[in-house]
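First to last, the sequence lines map onto chains A and B.
So the first sequence is numbered by our numbering: it starts at 136 and just counts up by one.
So the second sequence is numbered by our numbering: it starts at 32 and just counts up by one.
For each residue, glycine too, the CB sits at the ideal point set by N, CA and C.
Everything numeric in this text was worked out from a predicted model, so none of it was measured.
This report concerns only the one structure given below.
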Amino acid sequence: MRSQAGRDTLVLIPAYNEEASIRRVIEEVNAVRPGASILVVNDCSADATVSEAASAGAMVLSLPCHLGLGGCVQAGYKFAFADGYQSVVRIDGDGQHDPRDIGRLLECLASSGVEMVIGVRAPGSGDGFRTSLIRRIGIGFFRLLLRPILGRRVSDPTSGFVAVNRRALELFSRTFPLEYPEIEALVVLQRKAFRFDEVQSVMRPRMAGRSSITPAKSIFFVLHVLLGVFVNILRYDGPSPRAQKR
Amino acid sequence: MDRLYILLSLLSLGLIAIVLRSLRRERLRVEHSVSWLLAGVALLSLSLSPPALRSAARWLGLGEPAVALMAAILMVFLVVFYKYSRVVSELKDMNITLVQRVAILEFKVGRQDGEVR
């Protein structure tokens, strides 16, 4: 049973086949934030992610079909919004994000008044964490592309370590990009004139598994996100039955 | 050229027959059959009236009625494919919403029953 104070912040962990790392991530979160509400959104994993997460003490929301990262994260946002949480911190289930930085993200969220805080890799941090060349090129490209759109620099638009307040939670519950959502989510925020800030944090090598974005998928990733960014800029917010339903 | 008209007539009739058969067996919803039936009737009309096709080819500045015929087929099917891309997109949106809602409701029911956590 959660305490009322627990409804302040939800730690959201989207997970797809993360049985090898999910328990450690949950234990690390519990170690730095004892009693925190932790929700693992299981994106129809085929392994023991659900049992590992549940036995580690997390709440588990299991999607009956595989939706991909965006749909998985949005399910967590919808749950948090409906359950009255004031903020949500999203961290990856593969252990790349250090839960000790959650507090700094939340402090920045509260003190700066922005709607979203992104944890970006601190220069020189994370021994052993190596961003692949393709990813670095992608980050550089989208950094340049997003600067005029967002009106400010964003260090790592692909980071999935983010904290959002209730205003952003309400927005993302209604509209959230489905695949590769981090970059498009920034444009969704911008369309509502919401702001974001960045906090430097430690990025670590993943505890297990491999990135779903292989070099072969990278070109598709860039094109997909590029199209998504422009679609979000062009999107019509008028009275549409579909928009109202979602 | 006559063979082309005959072939197109047969294909159009085949398309209409398949759509009607699917409707009869409830494998296709009525509202989604309309565009296919219209496409079938349009192609059948073109194939049964060569003078209309020749006029259309002249109007479009195309020398050969066969080219006008291919352009008409292409346009008809592009419109139908676009329509169904929209239908699939709407269905995907609805499916995602439903999957998320089912998961949240299952969780809440489980929480009430004391099964979760």
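Would you decide whether V297 (chain A) is buried or exposed? Buried here means 16 or more other CB atoms lie within 10 Å of its CB.
-> Indexing the first sequence from 1 puts residue 297 (chain A) at position 162. Per the 10 Å Cβ criterion, buried.
Test: I127 (chain B) CB closer than 7 Å to a CB of chain A | Mapped onto the second sequence, residue 127 (chain B) falls at position 96. With a threshold of 7 Å between beta carbons, I127 (chain B) makes contact with chain A.
Would you tell me roughly how many angstroms separate the C-alpha atoms of S43 (chain B) and D33 (chain B), rounded to the nearest one?
-> To locate residue 43 (chain B), count along the second sequence from 1; it is residue 12. To locate residue 33 (chain B), count along the second sequence from 1; it is residue 2. Cα-Cα distance, rounded: 15 Å.
If you draw a straight line from the C-alpha of V176 (chain A) to the C-alpha of R309 (chain A), how long is it?
-> Indexing the first sequence from 1 puts residue 176 (chain A) at position 41. Indexing the first sequence from 1 puts residue 309 (chain A) at position 174. Distance between the alpha carbons of V176 (chain A) and R309 (chain A) is about 18 Å.
Taking Cβ positions only, does C200 (chain A) come closer than 7 Å to chain B?
-> Position 65 of the first sequence, counted from the start, is the residue given in the question as residue 200 (chain A). The Cβ of C200 (chain A) sits closer than 7 Å to at least one Cβ of chain B.
Going along chain B, which residues have a C-beta under 8 Å from V327 (chain A)?
-> Residue 327 (chain A) sits at position 192 when you count from the first residue of the first sequence. Looking at the sequence provided, one finds Lys at residue 327 (chain A) rather than Val. None at all; the shortest Cβ gap to chain B is about 20 Å.
Is the CB of Q131 (chain B) under 7 Å away from at least one CB in chain A?
-> Within the second sequence, numbered from 1, the residue matching residue 131 (chain B) stands at position 100. Chain A, which has a Cβ nearer than 7 Å to the Cβ of Q131 (chain B), makes this yes.
What residue from A:E333, A:D143 and A:I269 has the CA that sits closest to A217 (chain A)'s CA?
-> Start at 1 with the first residue of the first sequence, and residue 217 (chain A) comes out as number 82. For A217 (chain A), the nearest C-alpha among the options comes from A:D143.
Around the Cβ of Y115 (chain B), are there at least 16 other Cβ atoms within 10 angstroms (buried) or fewer (exposed)?
-> Counting from 1 along the second sequence, the entry for residue 115 (chain B) is found at position 84. It counts as exposed.
Could you name the residues of the region 214-229 of chain A whose beta carbon sits closer than 8 Å to any beta carbon of chain B, in the order they occur along the chain?
-> Flagged, chain order: F214 and A217.
Alpha helix (DSSP H) runs contained entirely in the region 164-226 of chain A, provided each spans 4 or more residues | Runs of the alpha helix (DSSP H) lying entirely within the region 164-226 of chain A and spanning at least 4 residues, in chain order: 184-190 and 204-217.
What are the uninterrupted segments assigned as alpha helix (DSSP H) that are 4 or more residues long and contained completely in the region 243-313 of chain A, given in chain order?
-> If you keep only unbroken alpha helix (DSSP H) runs of at least 4 residues inside the region 243-313 of chain A, you get 268-285 and 301-309.
Can you name the start and end residues of the alpha helix (DSSP H) that V334 (chain A) belongs to?
-> Reading the first sequence from its first residue, position 199 is the one you call residue 334 (chain A). V334 (chain A) -> not in any alpha helix (DSSP H); beta strand (DSSP E) instead, spanning F331 to S336.
Between I135 (chain B) and C179 (chain A), what straight-line distance do the alpha-carbon atoms span, to the nearest angstrom?
-> For the purposes of this step, residue 135 (chain B) is identified with residue 104 of the second sequence, where counting begins at 1. For the purposes of this step, residue 179 (chain A) is identified with residue 44 of the first sequence, where counting begins at 1. Approximately 14 Å, taken between the alpha carbons.
DSSP three-state assignment for L147 (chain A), whether helix, strand or coil | In the first sequence, residue 147 (chain A) corresponds to position 12, counting from 1. Note: L147 (chain A) maps to strand in three-state DSSP.
So, A183 (chain A) versus E154 (chain A), is the Cβ gap smaller than 7 Å?
-> For the purposes of this step, residue 183 (chain A) is identified with residue 48 of the first sequence, where counting begins at 1. For the purposes of this step, residue 154 (chain A) is identified with residue 19 of the first sequence, where counting begins at 1. A contact, by the Cβ cut-off of 7 Å.
Have a look at A:R168, A:L241, A:A188 and A:G219 and flag the residue whose alpha-carbon is nearest the alpha-carbon of Y335 (chain A).
-> Position 200 of the first sequence, counting from 1, holds the residue named residue 335 (chain A). Before going on, a small fix: residue 335 (chain A) reads as Gln here, not Tyr. Measuring from the Cα of Q335 (chain A), the nearest candidate turns out to be A:L241.
CB contact below 7 Å: A70 (chain B) versus chain A = For the purposes of this step, residue 70 (chain B) is identified with residue 39 of the second sequence, where counting begins at 1. The beta-carbon of A70 (chain B) is placed no less than 7 Å from the nearest beta-carbon of chain A.
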